[in-house]
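Single-structure report; data block below.
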Amino acid sequence: MGLNFSSFFCLRNGSQPPSPPPYPGLGDLPENCVADVLGHLSPVEICRLARLNRAFRGASWADFVWDSKLPSNYSVLVQRLFGDFVRIMSKREIYTKLCQQNPLDDGNKKVWLDKHSGGVCLSISSMDLRITGIDDRRYWNRISTEESRFHTVAYLQQVWWFEVGGEIDFPFPPGSYSLYFRLQLGRTSKRFGRRICNLEHVHGWNIKPVQFQLWTSDGQHAKTRCYLVESGKWTLYRAGNFNVDARNESTRIKFSMTQIDCTHTKGGLCLDAVMICPVEYEQISQCR
């Protein structure tokens with residue numbers, strides 16, 4: 023009777039009953055095989071493939087897939103940033119949490135992983151820097167802005183002696199890193215929804231170069247000199263590079279930016295933050 027009913031259904035509707043596919047598809051792959059493949063891909067590619075089907079979605083949560091994506095010292099980073107909270111989280115959840123802008127030291131520092139490379143990036147607010155004369159409003163002001171991840175920058179109107187310094191002690195994973203100062207000549211604001219930049223106080227930066235330096239606790243030193251010439255946009259000025267090896271549980275870095283030639287004044291500068299990113303981080307604009 024079932025055969026007669028099927029024949030009748032085909033005759034009346036002109037269609038054939040569904041049949042199983044002749045070849046297996048991606049959804050038939052065992053999760054452990056899929057996980058082996060995902061382990062060779064980048065984090066972004068893993069998350070994209072996880073949307074294909076149930077097998078890929080389940081495999082994307084395997085801890086061993088994310089072992090090579092997390093920094094080698096991720097347990098130290100996690101303890102520094104989150105304490106014991108993440109012990110109940112999977113490694114994929116830990117990776118996702120590390121990719122967020124994680125505050126440190128009362129929010130004056132932020133740490134995150136670049137989601138493409140997995141490299142550790144760190145940003146230090148101007149609030150956490152030693153700025154000569156910052157408490158004298160004749161020279162410096164703190165101004166609010168949406169163009170900083172810290173929502174506040176230090177603005178210099180005019181000064182003879184310019185000196186900014188700071189330090190950080192942090193468990194960077196082994197690798198090579200660059201240290202930058204994020205600066206802008208001019209003060210920006212919005213008028214009728216449009217971004218405008220006031221260059222009224224900008225002067226003195228093209229007369230003598232600014233000196234950027236860094237020192238590490240294991241004896242590394244780098245120095246760069248350059249003129250500040252780009253107005254109206256945020257620019258990363260590199261102080262230098264430093265290396266971290268596997269023996270360093272934590273690296274202390276001191277850094278400075280100075281222009282102490284007192285033959286002329288300088289002003290009109292916005293100081294946002296100091297950035298530390300992996301040297302191979304090519305998409306540096308995303309780190310701003």
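Mind the numbering: the sequence shown is residues 23 to 310 in our numbering, read in order.
Glycine residues also receive a C-beta, built at the ideal position from the N, C-alpha and C atoms.
Predicted model only: the values in this text are computed from it and were never measured.
Environment of residue i [buried if 16+ CB atoms lie within 10 Å]
i	result
T273	buried
S200	buried
V142	buried
Y177	buried
Y161	buried
V301	exposed
D150	buried
Y96	buried
V100	buried
V232	buried
A268	exposed
L221	exposed
P65	buried
I110	exposed
S148	buried
S211	exposed
F27	With a pLDDT of only 41 at F27, under the threshold of 50, the placement of this residue in the model should not be trusted; the figure read from the coordinates follows. Result: exposed.
Continuous alpha helix (DSSP H) stretch holding residue i: start and end
i	result
R159	First-last for R159: undefined, no H or E at that position.
T118	113 to 120
S97	96 to 104
F277	Not the alpha helix (DSSP H): F277 falls in the beta strand (DSSP E), residues 273 to 281.
C284	Unbroken run through C284: none, as it is neither H nor E.
I229	No alpha helix (DSSP H) holds I229; DSSP gives it neither H nor E.
L71	65 to 71
G80	76 to 81
Residue i versus residue j - alpha carbon distance
i	j	result
L63	F192	29 Å
V296	Q123	15 Å
D294	F203	8 Å
N130	I146	6 Å
R76	V87	16 Å
W183	H243	23 Å
L258	R102	27 Å
Q235	S139	27 Å
R73	S253	44 Å
I68	K255	35 Å
S82	Y117	12 Å
F214	S170	20 Å
K230	C248	8 Å
E168	I218	13 Å
L126	A84	29 Å
L71	Y303	24 Å
G262	F277	10 Å
N163	H173	14 Å
W227	T280	11 Å
R159	T285	22 Å
Rounded distance between the beta-carbons of residue j and residue i, thought under 8 Å
i	j	result
L92	K113	6 Å
V175	I190	Between I190 and V175 the Cβ distance is about 19 Å, and since that is not below 8 Å, they are no contact.
G290	G208	6 Å
P195	S94	5 Å
Q206	C299	No, Q206 and C299 are not in contact; Cβ-Cβ is about 19 Å, not under 8 Å.
Proximity below 8 Å, CB of residue i to CB of residue j
i	j	result
H225	Q179	no
V181	T287	yes
K132	C121	no
F264	I282	no
V98	G197	no
T238	R260	no
R152	G188	yes
Endpoints, beta strand (DSSP E) assigned at residue i
i	result
G197	197 to 207
I218	216 to 220
E189	184 to 192
D294	291 to 300
G241	It is not in any beta strand (DSSP E) - G241 carries neither H nor E in the DSSP assignment.
Residue i CB to nearest heavy atom of the ligand PLP below 7 Å
i	result
I165	In the structure shown, the ligand PLP is absent, as is every other ligand, since no ligand is present at all.
Neighbour flag for residue i against chain B, beta carbons, 8 Å
i	result
D158	Reference to chain B is not applicable here, since this structure consists of a single protein chain.
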